[in-house]
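The structure under discussion appears below in the form of structure tokens.
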Amino acid sequence: MPSFLGSLRQFALAPNLKSVTFAERGFPGAGSPATEQLEAIPQTVVCGFEWGIAARDLWNVRRRLDLVEPEQRGFAYEGAAMAFTIRDAMAGGRGRRTRELLLGPGAPHVFLTYIGIGFAMARLPRRLWRGVVPDLTGSPYYPTMTWLAVDGYGFDLAYFHTRRYVDEQRVPPVYPWEGSPDYFPHAVDQGIGRALWFIHGADPAAAAAAVGRFPKARWPDLWSGVGLAATFAGGCPEDGLAALRESAGEHRAQLGLGAVLAIKARTFAGHVPAHSALAAQALADLPVADAVRISDLAEAGTNGREAGPQSAPVYEQWRRRIRAHFTGNTLQPGIRRNRSRRSNNG
């Protein structure tokens, strides 16, 4: 049972499940065959948020989250991370709920919990952003993957403010995330690219056309976001995925990058649905095990910030090394481009 204050927070802050449906958002993808599958994702995030915003303690939240089926469980943790981030901010930055979640039961879902922090950022004043990611020293992918919070922020902008950030293609003001303000718009666009897959109901032609309406300089990050969402969230049959890859043209490496990162996140959480394995094969010519291997070797090849005033964060170094597999510019011994069409064995 939530506390009285928890019930008030839930009433005031929790989104309505209907508010995230495609029809309610006015998305062109509403009514497509993939809509039901895709709509379940933001609705699961809302459920996780409701449990996190109202609960008395972490035990109760964890018990609810772990009752969610494995394919959707990470999204529920994503919502809980969003709620805990807001609660910690409401406590003047003294809260420890987010840290306890990410170091505890949320650890296998760290990729998505960072995205949940980004959803909270979209609802918090920027002056509070500095403390939204707790100190997770010693945990995997910290601070490298905290850029996924910025990705989540970009997704939220596109999903809930579609006219401004998709139709009008506005760019939010930069923020010196991890000391790299120049990279901030790139991470935002990766999230916007993920949102395009949802907004257009996993329709490959519509998603590709949406990317094409943006300035060309933004296409690479948008395509990587589309690839990540198509692989992680699914909603598209094999022939549609093949068409998506064809539409990506010179940005197929970005599409493959997104697929590899999605598979890495899925395997780290301990469950790879069939649609994710299918997408990895269709978009990247990779079975699950090879996608994970490429990600891990690329990660091992990063060794701190590059030198120079326009240096790339470690997160982007990792991404570049994964892209190298698809462009043939291998940067890490042991990573080889795979052109074969192999089985989907994970």
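Whatever position you read off the sequence shown (first residue = 1), add 562 for the working numbering. Beta carbons: idealized from backbone N, C-alpha and C, even for Gly.
First and last residue of the uninterrupted alpha helix (DSSP H) at residue i
i	result
Glu861	Val850 to Ala862
Pro670	Careful: Pro670 lies outside any alpha helix (DSSP H) and carries neither H nor E.
Ala596	Per DSSP, Ala596 belongs to no alpha helix (DSSP H) and is neither H nor E.
Ala651	Pro632 to Met652
Ala749	Phe746 to Ile761
Lys826	Arg814 to Ala831
Phe888	Val876 to Thr889
Thr793	Trp781 to Phe794
Asn622	Leu620 to Leu627
Exposure label - residue i; buried when at least 16 CB within 10 Å
i	result
Gly668	buried
Ser581	exposed
Gly774	exposed
Pro743	exposed
Phe713	Residue 713 is actually Asp in this sequence, not Phe. The residue in question, Asp713, is buried, as its Cβ has 16 or more Cβ neighbours within 10 Å.
Gly641	buried
Gly522	Because the chain here runs from 563 to 908, residue 522 falls outside it and cannot be looked at.
Gly700	exposed
Phe888	buried
Ala860	buried
Gly741	exposed
Gly614	buried
Asn578	exposed
Ala853	buried
Alpha carbon of residue i to alpha carbon of residue j, nearest angstrom
i	j	result
Arg828	Ala841	12 Å
Gly896	Pro766	Note that Gly896 scores a pLDDT of 45, beneath 50, so its modelled location is shaky and nothing firm can be said.
Trp709	Ile679	10 Å
Gly890	Leu806	21 Å
Met683	Ile884	28 Å
Gln879	Ala844	25 Å
Leu690	Arg618	24 Å
Lys778	Ala596	28 Å
Pro632	His833	7 Å
Trp621	Gln634	19 Å
Gln599	Gly593	11 Å
Arg624	Ala824	24 Å
Tyr727	Arg882	26 Å
Tyr715	Gly654	21 Å
Gln816	Pro747	16 Å
Val822	Ser857	7 Å
Contact test: residue i Cβ vs the ligand HEM heavy atom, cutoff 8 Å
i	result
Gln879	As presented, the structure is devoid of all ligands, the ligand HEM included, so that no description of it is given.
Cβ separation of residue i and residue j, assumed to be a contact under 8 Å, to the nearest whole Å
i	j	result
Ala651	Val694	7 Å
Tyr877	Met644	Going by Cβ atoms, the distance from Tyr877 to Met644 rounds to 21 Å, so no, they are not a contact pair.
Ala638	Leu627	5 Å
Ser786	Gly755	6 Å
Checklist entry - Any contact of the region 756-766 with the region 786-800, i.e. 3+ C-beta pairs under 8 Å? => result yes
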